[in-house]
Structure formats: C-alpha cells, structure tokens
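Top to bottom, those sequences are chains A and B.
Sequence positions in the first sequence follow my numbering and run 39 to 114.
Sequence positions in the second sequence follow my numbering and run 39 to 114.
Remarks on the structure that follows.
Number of protein chains: 2
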Amino acid sequence: MKVRVHVMLKTGVLDPQGEAVRHALGALGFEGVSSVRQGKVIELELAEGTSDETIGEMCEKLLANTVIESYRIEHI
Amino acid sequence: MKVRVHVMLKTGVLDPQGEAVRHALGALGFEGVSSVRQGKVIELELAEGTSDETIGEMCEKLLANTVIESYRIEHI
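See the structure below:
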C-alpha cells in the first residue's frame with residue numbers, strides 16, 4: 039500500500055524558506071503572490087494492512103516535529 | 039486563490055533523503071517499509087485569475103529543477 043504524508047509548519051510558525059520563495063518569485067517578475075508556505079511530502083510504500091495508527095506513530099516519532107509541524111496522512 | 043505545488047524527484051533519480059528516512063524507520067522498529075521518496079510541497083496564495091500557465095512558469099523557473107524533478111499543480 040502506498041501512503042503520502044504531508045508535513046507543514048503550523049500556522050503562526052515563521053517559514054523563512056517560504057518567505058525566500060515569495061521574494062524570489064517577486065524578483066522574477068511574478069506579481070500577486072501574497073503568501074508562500076513550504077512543507078514536505080513523504081511517499082511511503084508500506085506492507086499491506088499497516089494501520090493508520092502505525093503511520094501516525096511514524097509521523098510523531100520521525101517524520102514530523104509535532105512542536106512546530108502538523109501532518110496529514112493520505113492513502114494513494 | 040490558493041494553489042499547492044508538489045515537487046518530487048523523477049523516477050530513477052536517487053533519493054538519499056528518502057533512503058535515510060527508510061533506514062531510520064527500520065531502526066525505530068517499523069517493519070515493512072519498502073520504499074520512501076521525499077519531495078516538497080509549496081502552498082501559494084495567488085491573485086485571483088492567475089493562469090495555470092503562469093503557475094507552470096513559476097515551477098519551471100524557480101520551484102522545481104525540471105532536470106531531475108517533476109511537479110504537479112493542485113488547486114485548493
């Protein structure tokens with residue numbers, strides 16, 4: 039089974055990488071870009087029947103820093 | 039309007055970051071993880087009516103390195 043985990047910085051947490059992208063887009067002449075947030079996405083190929091609970095544990099323990107990041111599990 | 043851009047390494051391109059995650063999950067005792075690919079996701083807040091063509095240009099020029107990465111645009 040294939041699973042996609044989205045990890046984004048929580049709202050309110052400063053995102054310097056996103057800010058840099060916003061500035062760079064402006065410098066390249068793209069107008070109207072009011073906000074950019076950058077996160078990561080991890081695609082996992084797991085054994086059939088792996089529970090959402092186990093995947094959540096993977097996120098809590100390794101994939102996301104839950105102090106500043108939130109995660110979302112998507113089955114694909 | 040809000041747009042999400044997914045950037046992933048193309049199939050066949052070595053993904054050392056994903057490999058590192060796979061090893062780490064194994065070391066943490068999670069079994070059955072056969073493959074991990076890591077990519078990035080960029081959420082953009084754009085002016086209403088920004089065309090997909092313009093967004094594609096942003097990807098080609100800045101957000102993705104199209105030699106090794108592919109991108110996907112998702113409207114949210």
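Ideal Cβ positions, reconstructed from N, Cα and C, are used throughout, including at glycine.
Predicted model only: the values in this text are computed from it and were never measured.
Whose C-alpha, out of the options, is nearest the C-alpha of residue i?
{"i": "residue 73 of chain A", "options": "A:80, A:101, A:60 and A:111", "result": "A:60"}
{"i": "residue 63 of chain A", "options": "B:113, B:107, B:98 and B:53", "result": "B:98"}
{"i": "residue 45 of chain B", "options": "B:77, B:71, B:113 and B:55", "result": "B:77"}
{"i": "residue 90 of chain B", "options": "A:56, A:39 and A:68", "result": "A:68"}
{"i": "residue 58 of chain B", "options": "A:101, A:47 and A:109", "result": "A:101"}
Suppose you measure from the CA of residue i to the CA of residue j; what does that come to, to the nearest Å?
{"i": "residue 111 of chain A", "j": "residue 42 of chain A", "result": "6 Å"}
{"i": "residue 70 of chain B", "j": "residue 71 of chain A", "result": "42 Å"}
{"i": "residue 53 of chain A", "j": "residue 65 of chain B", "result": "30 Å"}
{"i": "residue 79 of chain A", "j": "residue 107 of chain A", "result": "12 Å"}
{"i": "residue 109 of chain A", "j": "residue 96 of chain B", "result": "26 Å"}
{"i": "residue 103 of chain A", "j": "residue 48 of chain A", "result": "10 Å"}
Would you identify the three-state DSSP class for residue i, choosing helix, strand or coil?
{"i": "residue 46 of chain B", "result": "strand"}
{"i": "residue 70 of chain A", "result": "coil"}
{"i": "residue 79 of chain A", "result": "strand"}
{"i": "residue 41 of chain A", "result": "strand"}
{"i": "residue 112 of chain A", "result": "strand"}
{"i": "residue 86 of chain A", "result": "coil"}
Tell me whether the beta-carbon of residue i lies closer than 7 Å to the beta-carbon of residue j.
{"i": "residue 114 of chain B", "j": "residue 40 of chain B", "result": "yes"}
{"i": "residue 50 of chain B", "j": "residue 75 of chain B", "result": "no"}
Quiz prompt | Meets three-Cβ-pair contact criterion under 8 Å: the stretch 81–96 of chain B and the stretch 78–91 of chain A | solution = no
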